[in-house]
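Undergrad: In our numbering, the protein residues as written are 2 to 270.
Note that CB positions come from ideal geometry on N, CA and C, so glycine has one too.
First the structure, which I've put down as structure tokens, then a few questions once you've had a look.
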Amino acid sequence: MKRISTTQLRRKPRDGERIVMVTCYDATFARLVEEAGVDAILVGDSLGMVIQGHEHTLPVTLDEVIYHCRAVARGCARPHLVGDLPFGSYQQGPDQLIASAARLLKEGGVQSVKLEGGAEHAEGIAKCVRAGIPVMGHLGLTPQSVHQFGGYRVQAKTQTAAERLVADALALQEAGCFSLVLEGIPAPVAERVTAALEIPTIGIGAGVGCAGQVLVLYDLLGLNEGFNPKFLKKYDNFHRRVVDAVGAFATEVRAGSFPTEDHAHYPSH
Ligand code: KIV
């Protein structure tokens, strides 16, 4: 089965369809989210938090993202795969950006890359695009800048900051990005950016006006009981389900009621 291309993703809003993207980090969940019918999978550097247990995304390395991209690529055949460029893998400039992006495609098996930031990356993005590497931009509450922001705070709240964000979005489109993630910004600003661009915006905590939506898979599944930001809708309570299921296993093992003869190879009776 052929994977969904950047051209198909770009066409969706024109055909009146919203883009559905989730993050994913392994082959098992890749198989499941493909079955659920997502358009795109982001192998996000959010893996630093949900997989590795860090406080933020900054410690994640390019090798680690590549490792997870490979696993996801093996698990599904149809969704478009976006590999996230982690902190420190592109900030040195265009040469570092293109080298890291090429590794994500070559070794990770993804079809495009995502990076955080605006016009300052335009030259590197243009080089990637000329080299045949599709790039997704990411503006607003960009988690790799958590220390600069002083925490995970909604961005572009002032008129000046909103103007700067619109200018960055236009610069990213001009540089050749095929799409843009808008994270943690006021809904009217996201609507304005979406209207100003020809490429689709994909929102997270950016309201209803984007051309698509993305959520961190573990968040939408409700795996972390203590994580309840305003933008998040939990579509299930897997925290409870996992605790209950593993708890039931523990109870049965301790009581000697699992395994039974039904689960045994060559049972003795
Ligand atoms: O790393 C990630 O999961 C992301 C999404 C939140 C957009 O960048």
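Please state whether DSSP places residue 143 in a helix, a strand or coil.
TA: In the structure shown, residue 143 sits in coil (DSSP, three-state: anything other than H, G, I, E or B).
Undergrad: Can you give the Cα-Cα distance for residue 260 and residue 29, rounded to whole angstroms?
TA: Distance between the alpha carbons of residue 260 and residue 29 is about 25 Å.
Undergrad: Any contact between the segment 111–131 and the segment 151–160? By contact I mean 3 or more CB pairs, one from each, below 8 Å.
TA: The segment 111–131, when compared against the segment 151–160, does not touch it at the 8 Å Cβ threshold.
Undergrad: The ligand KIV: which residues have Cβ under 7 Å from any of its heavy atoms, chain order?
TA: Residues with a Cβ closer than 7 Å to any heavy atom of the ligand KIV, in chain order: 24, 43, 45, 46, 47, 58, 85, 115, 139, 144, 182, 184, 205, 215 and 217.
Undergrad: Less than 9 Å between the beta carbons of residue 24 and residue 43, yes or no?
TA: Contact: yes.
Undergrad: Would the beta-carbon of residue 20 fall within 9 Å of that of residue 201?
TA: Taking 9 Å as the Cβ cut-off, residue 20 and residue 201 qualify as a contacting pair.
Undergrad: To the nearest angstrom, how far is it from the Cα of residue 8 to the Cα of residue 17?
TA: The alpha-carbon atoms of residue 8 and residue 17 are separated by roughly 15 Å.
Undergrad: Would you mind reading off the limits of the alpha helix (DSSP H) that contains residue 169?
TA: Counting along the chain, the alpha helix (DSSP H) containing residue 169 begins and ends at 160–176.
Undergrad: Can you name, in chain order, every residue of its own chain whose Cβ lies under 6 Å from the Cβ of residue 236, other than the five neighbours on each side?
TA: 221, listed in sequence order.
Undergrad: For residue 29, name the three-state secondary structure that DSSP assigns.
TA: Looking at residue 29 - three-state DSSP - the assignment turns out to be helix.
Undergrad: Given a cut-off of 9 Å, decide if residue 194 and residue 142 are closer than it, judged by their beta-carbon atoms.
TA: Their beta carbons are not under 9 Å apart, which means residue 142 does not touch residue 194 by this criterion.
Undergrad: Closest to residue 240 by C-alpha separation, out of 37, 38 and 51, would be which residue?
TA: If we check each option's Cα against that of residue 240, 51 comes out closest.
Undergrad: Suppose only complete runs of 4+ residues qualify. What are the alpha helix (DSSP H) ranges in the segment 26–97, listed by chain order?
TA: Counting whole runs of 4 or more residues, the segment 26–97 contains the alpha helix (DSSP H) stretches 28–36, 48–51 and 63–76.
Undergrad: By Cβ distance below 6 Å, which residues in the same chain neighbour residue 59 in space, the five residues on each side in sequence not counted?
TA: If we look at residue 59 and ignore the five residues flanking it on each side, its Cβ neighbours are 88.
Undergrad: Starting from the N-terminal side, write out each stretch of the beta strand (DSSP E) that is 3 residues or longer and does not extend beyond the segment 192–234.
TA: Whole beta strand (DSSP E) segments, 3+ residues: 202–205 and 213–216.
Undergrad: Going by DSSP in three states, residue 155 sits in which element: helix, strand or coil?
TA: Of the three classes helix, strand and coil, the one that applies to residue 155 here is coil, per DSSP.
Undergrad: Excluding the 5 residues preceding and the 5 following residue 233 in the sequence, name in chain order all residues of the same chain whose CB lies nearer than 6 Å to its CB.
TA: Taken in chain order, the residues that qualify are 220.
Undergrad: Between the beta-carbon of residue 83 and the beta-carbon of residue 39, is there less than 9 Å?
TA: The answer is no: Cβ separation not under 9 Å.
Undergrad: Is the CB-CB distance between residue 243 and residue 224 below 9 Å?
TA: Yes, Cβ-Cβ distance for residue 243 and residue 224 is below 9 Å.
Undergrad: Within the same chain, show all residues whose beta-carbon is closer than 6 Å to that of residue 61, passing over the 5 residues directly before and after it, in chain order.
TA: Counting only Cβ-Cβ distances below 6 Å, and skipping sequence neighbours, we find 46, 49 and 87.
Undergrad: Quick one, are the C-beta atoms of residue 148 and residue 113 less than 9 Å apart?
TA: Result no, Cβ atoms of residue 148 and residue 113 do not sit closer than 9 Å.
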